Structures are given as structure tokens and as C-alpha cells.
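K.L.:
Using mature numbering (1 follows the signal peptide of the UniProt record, and there is no 0), the letters of the sequence shown map in sequence onto residues -20 to -1, 1 to 1013.
All C-beta atoms, glycine included, are put in the ideal place defined by N, C-alpha and C.
All values reported here derive from a predicted model rather than from experimental measurement.
Okay, here's the structure, questions in a sec.
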Amino acid sequence: MRKSKIKLLALLLLPIAAFAQENKTISGIIKSTTDGSPLVGVDVYVDGTTYETSTDENGFYELSVPEDAVITISYDGFQQMQIPVSGTQDFNITLIPFDNTPDIESENRALDEVVVVGYGKAKKSDLTGSVGVIDATKLTERNMTNPMEAMQGNVPGVQITTSTGRIGDGFDIVIRGNNSMNEASKPLFVVDGVPTTDIDFLNPQDIARIDILKDASSTAIYGSRGSNGVVIVTTKNGSSAKGRFTVSYETYYGVKAVARLPKMMDGQKWWNYHQSAYLATAGKDPITGQVSAQTLRTAVLGTRNSELLRRVENNETFDWYDAVLRSGVTQNNYINMSGRSENGIGYNIGLGVQKEKGNLQNEALDKYNVNLGLDHKINDKFSTGLTLSFSLTEQQDGSDIAMQEAFRLNPFLSPYEFQSNSRLTPLPGKLQNQQGAFVIDKTSTYNPILEINNTTNETRRWNGIGNFFFEYRPLDWLSVKTTYSANFDSRRKGEAWGALTSVGANNNNLASARINRTENFNYTWDNQVNANFDINEIHQFNILALQSIYSSRTETGLQSSRNIPFDSGYHNIGSGSQSTFNIASNYLKQTLSSYALRVNYSLLDKYLLTVSVRADGSSLLSENNRWGYFPSAAVAWKINNEEFLKGSKAVSELKLRASWGYTGNNIIDPYSTVNLLTEQLFYDYAGTIANGWISGRIANPNLTWEKTREFNVGLDFGFLRNRITGSVDVYDKLSDNLLMRQQLPFETGWPYINGNIGSVSNKGVEVALTTKIIQTPKVSWETTFTFSKNVNKIKSIYGQSEVDDIGNNLFIGENINSYYNYIYDGVWQYGQEAEAASYGQTVGQAKVRDVNGDGRITPDDRVILGNSDPKWSGSIFTTLKVGQFDLSASLITNQGVLAYSPFHENFTNVYDRGRARLDMDWFIPNNNAGITPQSTNYAPQPLNEGTYWRDNKVGYYRDASFVKIKNIALGYTFKRETLARIGVLNSLRVYANVINPFVFTKYDGYDPEWATASLGVGRVSSITYQLGLSLKF
């Protein structure tokens, strides 16, 4: 009994002893044994605590730790070291690469890097969930202006694609498949603790790392906002070295060359197509039943196309693409200053200017960034920090239709008025002479040069993010932290169309303009308590308790008018006709109150357990359904720490993981739980006009949380002293109570109601593999492969498991993004007249498959053709270093993608005779008009294409699979001895980089990556050639 009391007293006194323990500040420089160069980004930490730092650009580190602590030094490719603080005088450290010590067993590095998780950090070896990491090097080596593009292919299971190819336009990101039927599958972005809608406004060079939380055990700590994954962005912070000040400068200049233009018909082939397009409609000889050459000539030319005939006979063509396209330019200048003052204030300042000109005239993007980070460890108990990020993005999109009009105009049309080489005509296909008679009368396509010169489409975006924290550490193992973060996002989009544009022509040849404004302010206040302690070095605990408040306010406004008598952009909207004025505004507000608890437990550093629960209360839902609860649990087994694998030279690291959890989604129309009034009407009350309102949307007070349940099993591994590392994950997600709009019968008076009326499953596998093929002091070669496969299926719609929604292309058991149509089976040929007639078709028309074989073509013959999601995707990254030279390349691929292509809908349709066409084969029937017959299954006979080609659009689906060489870079880093002679520079690297040099695909439109983009905003592909340098002082 007495011994028990003494043990109990000792246990109670432990916190007091810890509280009284004094810290010691240690510092030093960490270098490599191979060449003595300093190592940047080496992790220095005390295992099981929050004492941690990393080396700066000079390899310097500084850390305040307890005197009895043991610090761990860990860096990729080098032996891990552990050094006791007590008794050690020199903390300058030299790390040894694995290859220099073939007899030494592997150290835990690949899984020991520090990873950012929700509301904290953890060693990768202690993770029980699935987290992808992208460091600063990977983000900047491609030289992209948008960090999303720089992320492409880096993490398996994360699908990132550009939607238009237009500079400045955003990227679509989906993590582990689409969870929603209403396009609410975007993940949560968190920048320095601040929730944001995207990260397009950031400069990639301000980012220190991006951590992507993929499975439910990782994202459940974010509760109702975690079902689509979480992207955590950490910007750069100050140096850990007191009294140190470093400056780095990055610059590059590049040329964006137009590449891989779709091959369109040249002049003579178009003329042959154009003439043959009249065979189906020109008058036929009553005796032969054929169109004669003279009848065809009369039908093609009539009396209004003398100039067209002259140009055809002289083969006078115009290069429309050269008229609107150009070589673009990309420029970047970035300066970073970081350091730490003698009194311990760390600071980081980043200033960036990015300028880009697109390949279409009048397209440009200018982005200005300022990033500031401050942190200060006041003493052993108190620390504080601040991050501020400001950006201004100015985007000019030019004309939305200039590109499509340039491709639509056939080669024999000119942008100039008749017999003029300077005055532009609005309608090149409706050309008149000085007397007003038509000399070309073929198409109403507008002049893209006038569209470019007289269209304004500008977006200005101001974004500011701020984060302030204060942390109190009463004990070594206990901390209390409060964080306030805010985000301000203001966007103004101004559009104007002059009198000489297509909009102006439809507006009495007068100008029109419009301004859209959106302003959002949101803040988050987090209060958290962290406890990190062990019991007898056997049981390790890390406990997080969190209370959080989130509030968001959005204001929108619209102003527009028409019939403006002069072209003045969008700055004189009030000059338009008063009857055309349109003014609208909106105000939205939502709040979220949250509580969370997470416990990480480790037994003997072998068996890991993580459990968490979060409760969210949202103002978007009614009082009875306001609160949602999101639990998760995960376990892991560090197999390599078992006795039977200790000392193994083959197996360096091996960890088995399993997780389960629930996350949520509350992305619904605000105020869906209350009735809304809309559509202002004007009523006549006894001769007095009064405003009135009608009910615009019916309320659904029963709306509840959309939830996603996920199981995940994973394996992290490292072999041959971590020369081979990687992970494999298999997951199963089910999203239920999907929030979506349900269409209502017309008789109800309401178009739809928001409800929880569907479920979707996503199952998949992800693989990441890194191989260090060569690792010597002079030569190193590292390659990373990723592979992802996801199967998406709709499980139920409107609460019913067996009912399809054909009108909205939603089918039980099929992908959300499925295409449903007839199967195009070629063209009816000569010799198939009888069979074609049995289906009500004729030779030359599009043929579709009789799927059920009943001898008729009915809606029952429609099938699922495929979907726009890739069946699998992958990437390869490789870096070879030989001496001072480095060569890197990256490849991304999406396979099994089917796209409905608006490009082909415009340029392979055969019911438009006057516009340009893709260089293709089309069916030409036997004739007496001198046009050579042509049999093909690619496209039917013009103007005799049949209803399935014209109305059902069966011929416009394309395989959009691709393999892209994303970039190839060659660089040279000068030796430190050479730079020492200059005396100022610490590092200098020069490089050349080429972006998107090769694309392998069957798709023959603009670019397979944005094959589904509407024709107006889709852009041509390009190759960018860059030269740059990196300086560090």
C-alpha cells in the first residue's frame, strides 16, 4: 500500500517537474558528407513532442528543447541521427547518405517526414490515414502560374484538369471520384488555416507545401466540409536561424507557341465539300433523277456569289487562325526575404509578379502577390505568429466567340470589305459591293477581328487572407492555442460589346455592357488544446480538443444596359436606354459552429490508433436538423518495428493501415429550408402601379446533412534502405442523402425542391511508387510513378433504387457523368438500300445500331456509351542529376475518357454548308454533277444526314484519352566554390524548361484535356519554352 501511494505521488508530481524543467537553445549547421554542402529542409525534432524545426537555405537550424531531450535529425536519402542534448557541445552535424553505408540498416526517413494534418502536424510514420504531400520543389519546378496546374499528377486519387485551356481560368479538382449529382464535389481548401473556395490567387512560389487529406479518418476532423477531401496549403515562414537574413530571387521568361492546331479543310477540299452539300437539295432532272452539273452550279452560286467563285478559281484564301492567334508570353519575377532577428522574431516576405499573354489576341493575365509571415517564441511558454497574403489578379478574356468564329469562317472569306485591304467587314460571309449587291452570300458568321477589337471582358479579383495565433504551453506536453483567420475575396467582372460585334448587331447596332460584382468575407475562430505525452515510453498519446466558429457573408450585384450610343466599355452603363436597365443584388450569410475531439494513441511505436468525432451545427439547415456528427476511427501496424523484421536489409519500412469514418457536405442553396419570394411583378391597383412578389421556391424544412461513409485500407512500404518506397490504398465510399434539386410537376407552380434524394458510391485503388535508381555523390536518379482507378456508380435517385432519371442522364448503377444515346454505326452504303429502308433510312444517312434486334430503331435502343471520367489515370516524374546538371521530366495520363465534343458538333456536322469543316471524309453519293463519289463511315451525306446525326447528335462523341509530357527541364547549378569568388551569391541555378511539348491522343480537336469545353471558351493547345534562373544571397 505504501509503495502504491509513493507511485501515485510521483505520477502527480510529474507535471510539476516538467513545468519546472529548463530549456536549452541549440543551433548548428547540417551538411552532407558527399560534398560538404548545406542541406535545406532537414527535419530537427524531439520525438513525441511539438519541439521541431527545419534547416534554412544555409543548412542552419535553431531549437529550444529540454536539457534531457534527444533530438532527431531526419532527411530524405540520408541516415537518421539521434543526439542527446545533455553532454553534447557541438551541434553542427554531417549526414551520411544511405549509399555510403551499405552495411548500416535502413533508418526511418521516408515515412518520418512531418505531414500537416487537420489542426496539427504528425510524422508520416505515425499516420493512420491517407495523406498526399507535395513539397515546394515539386510545385515550382514546372513554372506554372496556377498552383493547381503545378499539382497535376503529383498525388494518386486526385484528378486535376483545366476546363477551358484559357489563361486565368480555374482548374477542376476531384478527390476519389464525384460524390454529388449537383456538381458539389470540390474539396475544402485551407490556406494557413483559412478556408477558401480555391487557391488560384496564390503564387506557387509562396507555398511551402500542400498536404491533401483523402480518406475519412483524415478529413473527418473537418466534419461537414470534408466529404470531398481537404487540401491544406502552408505558405513559407521565417528562417530558424537567429540573426540570419537570406534573399532569394526567381525569374523566368517564356514564349507560348500555338501547337497542335486542329487540321481543317484547305480551300479546295472545302469547295468540294461545299458543292457536294447541295446534291441533296438541288433540283433533280425528272428523267435521270440526278442533279446535273449546271443545276448544281446554279444552286451553289446563284447570282450572289461572283466574288466567291473568283477567289475559288484563283485559290485566294485567307489564314483566319493567323489573324486572331499569336505567340503568347509568360513572365515571372519573385523575390523572397526571410530571416530571424536576434530577439527571435522570424519573418518571411514574398513579392511576386506574374504576367501572361494568351494565344488569342487581347487575352492576358496579371497577378501580383504579397505574402508575409511572422512568428515569435516569446519564451518557453508563449509563442505567437501571423500570416498575411494579398493578391490582385487582373484577367482579360477578350471575346468569347472570336476563336469559334475564326475556325468557322471558310478559307475563301476575307475579313475586309469588297475590294479593300484595310476596312473590316462585320460579316465576311455576307459581302456586298459598293452598290449594295451581294458578291458573297454564304454564312452569317461574324468577323473575329472585329469581335476582338470591340469586346471587353475583364475580371479583377482582390483577395486577402490573414491568420493570427497565440499559443500558451503551461507544460512541455500541453499547449493551448487560439487562432483567428479571415478571408476577403472581391471580384468584379466587366463586359462590354461594341456596335460592331455580334451582340451589337442584334442590338440595333448599338453597344451594351454589364458588370457583375461578388464580395465575400468569412472568418474562422479556432480554439484548441493539445496534449502530447507518453507513459513509461510505452504508451504515446496525442490529444486534440477543438472549438470552432465559422461565419461567411456574400454580397452580389449586377448592373447592365443596352442601346448605349457609343462604345465606352462598361464604364457608362447609365448611358443606355432606361427601359433596358437591369439592376439586381443579393445577400447571403451562413454560420457554422463546431466541436471536435481527436485522440492518437501509439503502443510501443508499433500499434497505432486514431479516433475522432466532430459535431457541426449549420445555419443552412432547419433547427431540428442543424447538428451533424461525424465520427472516424483508424488503426495501423508498424510491421517493420516488430522483432522479426528488425535489422532487415530488405524491408526498411512496412505499415498496414485501415480506417473508417463519416464526413459531410452542406453545399446547398442558402435558405432552402424557407420559402423564397422572387420575380418582382407590377400590378395595376385602380390605376396605380405597385410592386408585387410571388413564391419562387418551395421550402424543405426536412433537409439534412449529406454524409459520406468511407472505408480505406492502405500499405506504406520501403525496401532496400528506402531505395524503393511507396503506398497502396484501396477505398470504398458511399455518399447518401445527396443534396440535389428534384424537379416538380408543372402544376405545383414551383420548378423544383431541394431534397436529400440520392446516393452514389466510389470505389478505387491508388498506387504511388518512388524508386531511387541511382544514388551516388556524383549521380542520382529518382523516379515516381502514380496510378489511380475509381469506379463511380449511382446507387439510388429520389430515394428509389431502381428508377432512372433519363432526362437528366442519371442511371442506377452507372457513372454520374454518363452519356446515353444511340450507338453510331457508320453510314448506310450502296448495297444496303433495302435494310436502310426497313429502318426508314436511305443511303448516305447516319446509321445507328438496333441494339435489341427488334427491327426498329426506338428509344429502347439507346445505351450507356461511356462517361467523361477516366477509367484510370497515372503520372511519371523523373529527376536525373549528374554533377552540377539536373534533368527532370513529368508525364500525366488519363485513359478511357469519352467526351461529347462541342468542337466536333460544330466542325463535323454536315447540315451547315457555308462554314469551315474539320479535315474529314464525308459521304458523297453517285451523281452526274461532276463531283467524285465517296464512301465513308466517318460522316454522312451533307443535308441528308438523317435525324440521328442531326437531332440525336450521335456522331460527336470522341475518345479523349491522352498522354501528356507535362514538362522537361534542364538546369545547371554553379558550385559553391565558384560563387565564393563573387562573394554575394550562395546559390545560382540557370535552366531551360518546356511545358506540354508532346501530347499523344486520338482526339483531333483543340486539346483532349478540355474536350468538353464549349466552343466559345475552349482554346488551342500550346507549347511554352522558358529560360530562367534562381539566385540566393
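Contact check, Thr1004 vs Gly234 under 8 Å by CB: the rounded distance?
P.N.:
One-based indexing of the sequence shown puts residue 1004 at position 1024. One-based indexing of the sequence shown puts residue 234 at position 254. Right, their Cβ atoms sit about 5 Å apart.
K.L.:
My understanding is that Arg637 touches Val693, with C-beta atoms under 8 Å, so please give their C-beta distance in whole angstroms.
P.N.:
On the sequence shown, residue 637 is found 657 positions in, with the first residue counted as 1. On the sequence shown, residue 693 is found 713 positions in, with the first residue counted as 1. Arg637 to Val693, Cβ: 7 Å. Contact.
K.L.:
Of the choices Thr643, Arg897, Ser379, Val174, whose alpha-carbon is the least far from that of Ser528?
P.N.:
The residue given as residue 528 occupies position 548 in the sequence shown. The option with the nearest alpha carbon to Ser528 is Val174.
K.L.:
Buried or exposed: which applies to Pro882, given that a residue is buried once 16 or more other Cβ atoms fall within 10 Å of its Cβ?
P.N.:
To locate residue 882, count along the sequence shown from 1; it is residue 902. Buried: at least 16 other Cβ atoms inside 10 Å.
K.L.:
Under 8 Å, with one C-beta from each stretch per pair, do the region 504 to 519 and the region 469 to 488 reach the 3-pair mark?
P.N.:
Cβ pair count under 8 Å is below three, so no.
K.L.:
Who are the Cβ neighbours of Glu535 in its own chain at under 6 Å, not counting the five residues just before and after it?
P.N.:
Here residue 535 refers to the residue found at position 555 of the sequence shown. So the list reads Glu499, Tyr567, once near-sequence residues are dropped.
K.L.:
Tyr258 and Val280: beta carbons closer than 8 Å?
P.N.:
The residue given as residue 258 occupies position 278 in the sequence shown. The residue given as residue 280 occupies position 300 in the sequence shown. Result yes, Cβ atoms of Tyr258 and Val280 sit closer than 8 Å.
K.L.:
Hey, Leu345 and Gln311: beta-carbon distance below 8 Å or not?
P.N.:
In the sequence shown, residue 345 corresponds to position 365, counting from 1. In the sequence shown, residue 311 corresponds to position 331, counting from 1. No, these two residues do not count as a Cβ contact at 8 Å.
K.L.:
According to DSSP, Ala491 sits in a beta bridge with which residue or residues?
P.N.:
Within the sequence shown, residue 491 is the residue found at index 511, counting from 1. Answer is Ile544, bridged to Ala491.
K.L.:
Pairing CB atoms from the region 835 to 847 with CB atoms from the region 859 to 870, are three or more of them under 8 Å?
P.N.:
Segments in contact, no.
K.L.:
Just checking, does the region 260 to 277 make contact with the region 900 to 909 on the three C-beta pairs under 8 Å criterion?
P.N.:
Contact holds: three or more Cβ-Cβ distances are below 8 Å.
K.L.:
Is Thr668 buried or exposed, if buried means 16 or more other CB atoms sit within 10 Å of its CB?
P.N.:
Residue 668 sits at position 688 when you count from the first residue of the sequence shown. Exposed, since its Cβ has fewer than 16 Cβ neighbours within 10 Å.
K.L.:
Of the residues Asn973, Leu625, Trp640, which one's Cα is nearest the Cα of Ala616?
P.N.:
As a first step, residue 616 must be located in the sequence shown, where it is residue number 636. Checked all of Asn973, Leu625, Trp640; the closest Cα to Ala616 is Trp640.
K.L.:
Does the Cβ of Pro428 have 16 or more other Cβ atoms within 10 Å, making it buried, or fewer, making it exposed?
P.N.:
Working through the sequence shown from its first residue, we reach residue 428 at position 448. By the 10 Å Cβ count, Pro428 comes out buried.
K.L.:
Have a look at Gly996 and Thr425 and give me their C-alpha separation to the nearest angstrom.
P.N.:
By 1-based counting over the sequence shown, the position of residue 996 is 1016. By 1-based counting over the sequence shown, the position of residue 425 is 445. Going from the Cα of Gly996 to the Cα of Thr425 covers about 13 Å.
K.L.:
Mapping DSSP to helix, strand and coil, what is Val24?
P.N.:
Position 44 of the sequence shown, counted from the start, is the residue given in the question as residue 24. Of the three classes helix, strand and coil, the one that applies to Val24 here is strand, per DSSP.
K.L.:
Quick check on the DSSP output: the beta strand (DSSP E) that includes Pro64 runs from which residue to which?
P.N.:
Residue 64 sits at position 84 when you count from the first residue of the sequence shown. Start and end: 61 to 64.
K.L.:
Near Ile84, which residues of its chain fall below 7 Å by C-beta distance, leaving aside the five closest residues on each side in sequence?
P.N.:
Within the sequence shown, residue 84 is the residue found at index 104, counting from 1. Any reading at Ile84 must be qualified, since the residue scores a pLDDT of 34, below 50, and its modelled position is unreliable; the value itself is stated next. Counting only Cβ-Cβ distances below 7 Å, and skipping sequence neighbours, we find Gln59.
K.L.:
When burial is assigned at 16 or more other CB atoms within 10 Å of the CB, is His551 buried or exposed?
P.N.:
Taking the sequence shown and counting its residues from 1, one reaches residue 551 at position 571. Flag for His551 reads exposed.
K.L.:
Just verifying my parser: in three-state terms, what is the DSSP assignment at Thr728?
P.N.:
In the sequence shown, counting from the first residue as 1, residue 728 sits at position 748. Reduced to three states, the DSSP call for Thr728 is helix.
K.L.:
Helix, strand or coil for Leu75 per DSSP?
P.N.:
Taking the sequence shown and counting its residues from 1, the one referred to as residue 75 is at position 95. Correct three-state label for Leu75: strand.
K.L.:
Can you list the beta strand (DSSP E) stretches of 3 or more residues lying completely in the region 101 to 128, in chain order?
P.N.:
Counting whole runs of 3 or more residues, the region 101 to 128 contains the beta strand (DSSP E) stretches 111 to 115.
K.L.:
Within its chain, find whatever has a CB closer than 6 Å to the CB of Lys946; leave out the 5 residues flanking it on each side and keep chain order.
P.N.:
Locating residue 946 in the sequence shown gives position 966, where the first residue counts as 1. Same-chain partners within the cutoff: Ser870, Ile872.
K.L.:
Only counting runs of 3 or more residues, tell me where the beta strand (DSSP E) segments fall wholly within the region 910 to 978, in order along the chain.
P.N.:
For the region 910 to 978, whole beta strand (DSSP E) runs of length 3 or above, ordered along the chain, are 937 to 939, 942 to 953.
K.L.:
Give a yes or no on whether the C-beta atoms belonging to Arg897 and Met383 are separated by under 8 Å.
P.N.:
Walking along the sequence shown from the start, residue 897 turns up at place 917. Walking along the sequence shown from the start, residue 383 turns up at place 403. Result no, Cβ atoms of Arg897 and Met383 do not sit closer than 8 Å.
K.L.:
Quick check: the Cα distance between Gln755 and Trp761, rounded to an integer number of angstroms?
P.N.:
Position 775 of the sequence shown, counted from the first residue, corresponds to residue 755. Position 781 of the sequence shown, counted from the first residue, corresponds to residue 761. For Gln755 and Trp761, the distance between alpha carbons rounds to 7 Å.
K.L.:
In chain order, what residues of the same chain lie with their CB nearer than 8 Å to the CB of Glu431, ignoring the 5 residues before and after it?
P.N.:
Here residue 431 refers to the residue found at position 451 when the sequence shown is read from its first residue. Hits under 8 Å: Ser379, Ile381, Ala382, Glu385, Thr481, Ser482.
K.L.:
Thinking just about the alpha-carbon of each residue, which of Phe561, Ser531, Thr643 is nearest to the one in Ala576?
P.N.:
Position 596 of the sequence shown, counting from 1, holds the residue named residue 576. Closest option to Ala576, Cα to Cα, is Thr643.
K.L.:
If you drop the 5 nearest sequence neighbours on each side, which residues of the same chain put their C-beta closer than 6 Å to that of Tyr971?
P.N.:
As a position in the sequence shown, residue 971 is number 991, starting the count at 1. For Tyr971, where only same-chain residues beyond five positions count, the Cβ hits under 6 Å are Ala949, Gly951, Gly1008.
K.L.:
What is the rounded straight-line gap between the Cα of Trp457 and the Cα of Arg122?
P.N.:
The count along the sequence shown starts at 1 and reaches residue 457 at position 477. The count along the sequence shown starts at 1 and reaches residue 122 at position 142. Cα to Cα, Trp457 sits roughly 41 Å from Arg122.
K.L.:
Compare the beta carbon distance of Asn934 and Tyr804 with 8 Å and say whether it is the shorter of the two.
P.N.:
One-based indexing of the sequence shown puts residue 934 at position 954. One-based indexing of the sequence shown puts residue 804 at position 824. First, the residue type needs correcting, since residue 934 is Val and not Asn in the sequence shown. Yes, they are a contact pair.
K.L.:
Contact between the region 614 to 633 and the region 180 to 190 is defined here as three or more beta-carbon pairs at a separation below 8 Å; is this criterion met?
P.N.:
Result no; under three Cβ-Cβ pairs closer than 8 Å.
K.L.:
So Gly985 and Pro242 are in contact, right, with Cβ under 8 Å, and what is the actual spacing, rounded?
P.N.:
Translated into positions along the sequence shown, residue 985 becomes position 1005. Translated into positions along the sequence shown, residue 242 becomes position 262. The pair is a contact, with the Cβ atoms about 6 Å apart (cut-off 8 Å).
K.L.:
Quick test of your reading: Val304 and Leu340, contact by CB under 8 Å. State the CB separation rounded to the nearest angstrom.
P.N.:
Residue 304 sits at position 324 when you count from the first residue of the sequence shown. Residue 340 sits at position 360 when you count from the first residue of the sequence shown. The pair is a contact, with the Cβ atoms about 6 Å apart (cut-off 8 Å).
K.L.:
For the putative contact between Arg156 and Tyr711, defined by C-beta atoms under 8 Å, what is the C-beta separation to the nearest angstrom?
P.N.:
Residue mapping note: residue 156 aligns to position 176 of the sequence shown, counting from 1. Residue mapping note: residue 711 aligns to position 731 of the sequence shown, counting from 1. About 6 Å separates the two Cβ atoms, so the contact holds.
K.L.:
Between Phe954 and the rest of its own chain, which residues show a CB-CB distance below 6 Å, the 5 nearest in sequence each way excluded?
P.N.:
As a position in the sequence shown, residue 954 is number 974, starting the count at 1. Correct list, in chain order: Leu968.
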